[in-house]
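Engineer:
As structure tokens, this is what we get:
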């Protein structure tokens, strides 16, 4: 781990640490920290196969803590060290299921350690419980894979790109994979970090604002409706930042939606006056 951290620092010339500190500073708000467990629960419900193992791992952790001889065992300490920071991450606007991977993997280790501690009879029961949980998770995962085309809330990339007739100019997309699918180099990789840096230095967003006003993008594609209550907060405090939606809609107009994804094309100059 130390080598990984050192490698990140050297490769980024310190910028990775600066970005991390800026990110943490932007999310250290008491209200969001208090609501972080609820937000994490909302997100983990989207992936039942992960939820099953996290619930099982936490349940095992409680069992281990209840026994004096295992209260300070390595599995318990590892669970606390990962569960705490993972929960705190969800105080940040826009935290998603990718932040659950560490906790998911660790719960497997915790459950495995617990099984190794059991005697023969109890171990058989524990293995049976874990097998049922694994089967439930596998069925959920299989269902998601079979129905992935119809269940994607934001539709497929190609469906959104089909609404963009001219791709000679860059496509500004909240999801930077969209321009890649269109054969382009992304104009902006991370709209979340863009917002954080711009909050600290307002001039950082000047180029994007100029390009919006000049209608320099073939299209602008957002991941959610900016006019819902959650969408307004999403783009004000999470992604792109204050003023972005107003500037966008002065010079671009919505032409369609694919699932929750919203596609904007440049307004004709006469409509932009």
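In this note's numbering, the protein residues as written are 120 to 392. Where is the CB? At the ideal position from N, CA and C, for every residue including glycine.
1. Hey, would you say residue 290 sits closer than 7 Å to residue 335, going by beta carbons?
2. Would residue 363 and residue 371 qualify as a contact pair, given that the criterion is a beta-carbon distance under 7 Å?
3. When we look at the beta-carbon of residue 159 and count the other beta-carbons within 10 Å, is it buried (16 or more) or exposed?
4. Can you check the segment 155-214 for any alpha helix (DSSP H) of at least 4 residues that lies completely inside it and give the ranges in chain order?
5. Are the beta-carbon atoms belonging to residue 201 and residue 225 less than 7 Å from one another?
6. Is the CB-CB distance between residue 276 and residue 297 below 7 Å?
7. Helix, strand or coil for residue 375, going by three-state DSSP, please let me know.
8. Determine the closest residue to residue 234 out of 350, 174, 179 and 345, with distance taken between C-alpha atoms.
9. Which residue spans inside the segment 303-356 form an unbroken beta strand (DSSP E) run of at least 3?
10. Just to confirm the assignment, what range does the beta strand (DSSP E) spanning residue 117 have?
11. Between residue 293 and residue 340, how many whole angstroms is the CB-CB distance? I'm expecting something under 8 Å.
12. Below 6 Å CB to CB, which residues in the same chain sit around residue 166 once its five sequence neighbours on both sides are set aside?
13. Secondary structure at residue 380, three-state DSSP: helix, strand or coil?
14. Short of 6 Å in beta carbon distance, which residues of its chain neighbour residue 317, apart from the five on each side in sequence? Order them along the chain.
15. Locate the alpha helix (DSSP H) running through residue 364, then write down its first and last residues.
16. Going by other Cβ atoms of all chains shown within 10 Å of its Cβ, with 16 needed for buried, is residue 346 buried or exposed?
17. With distances taken from CA atoms, which of 365, 222, 279 and 183 is nearest residue 232?
18. According to DSSP, is residue 387 part of a helix, a strand, or is it coil?
19. Within the same chain, show all residues whose beta-carbon is closer than 7 Å to that of residue 222, passing over the 5 residues directly before and after it, in chain order.
Structural biologist: According to the data block:
1. Taking the first residue of the chain shown as position 1, residue 290 is located at position 171. Taking the first residue of the chain shown as position 1, residue 335 is located at position 216. Contact flag unset, no.
2. Locating residue 363 in the chain shown gives position 244, counting from the first residue. Locating residue 371 in the chain shown gives position 252, counting from the first residue. Taking C-beta atoms as the reference points, residue 363 and residue 371 fail to come closer than 7 Å.
3. As a first step, residue 159 must be located in the chain shown, where it is residue number 40. Of the other Cβ atoms in all chains shown, 16 or more fall within 10 Å of the Cβ of residue 159; this residue is therefore buried.
4. As far as the segment 155-214 is concerned, its whole alpha helix (DSSP H) runs of at least 4 residues are 167-185 and 193-208.
5. Here the question's residue 201 lines up with position 82 in the chain shown. Here the question's residue 225 lines up with position 106 in the chain shown. Their beta carbons are under 7 Å apart, which means residue 201 touches residue 225 by this criterion.
6. Numbered from 1 along the chain shown, position 157 holds the residue referred to as residue 276. Numbered from 1 along the chain shown, position 178 holds the residue referred to as residue 297. The answer is yes: Cβ separation under 7 Å.
7. Position 256 of the chain shown, counted from the first residue, corresponds to residue 375. In the three-state DSSP reduction, residue 375 falls in the strand class (E or B).
8. Stepping through the chain shown from its first residue, residue 234 is reached at position 115. With respect to the C-alpha of residue 234, the residue from 350, 174, 179 and 345 having the closest C-alpha is 179.
9. Here the runs fully enclosed are 338-341.
10. Outside the displayed range of the chain (120 to 392) lies residue 117, so it cannot be described from this structure.
11. In the chain shown, residue 293 corresponds to position 174, counting from 1. In the chain shown, residue 340 corresponds to position 221, counting from 1. Contact between residue 293 and residue 340 is confirmed by a C-beta separation of about 7 Å, below the 8 Å threshold.
12. For the purposes of this step, residue 166 is taken as the residue at position 47 of the chain shown. So the qualifying residues of the chain are 216.
13. Working through the chain shown from its first residue, we reach residue 380 at position 261. In the structure shown, residue 380 sits in a strand (DSSP, three-state: E or B).
14. Within the chain shown, numbered from 1, the residue matching residue 317 stands at position 198. Contacts found: 323, 324 and 360.
15. Counted from its first residue, the chain shown places residue 364 at position 245. Here the alpha helix (DSSP H) through residue 364 covers 363-370.
16. Residue numbering aside, residue 346 sits at position 227 when the chain shown is read from its first letter. The residue is exposed, with fewer than 16 neighbouring Cβ atoms inside 10 Å.
17. Position 113 of the chain shown, counted from the first residue, corresponds to residue 232. Looking at the Cα atoms, 183 is the closest of the given residues.
18. As a position in the chain shown, residue 387 is number 268, starting the count at 1. In the three-state DSSP reduction, residue 387 falls in the coil class, being neither helix nor strand.
19. Taking the first residue of the chain shown as 1, we reach residue 222 at position 103. The answer, listed in chain order, is 173, 201, 202 and 205.
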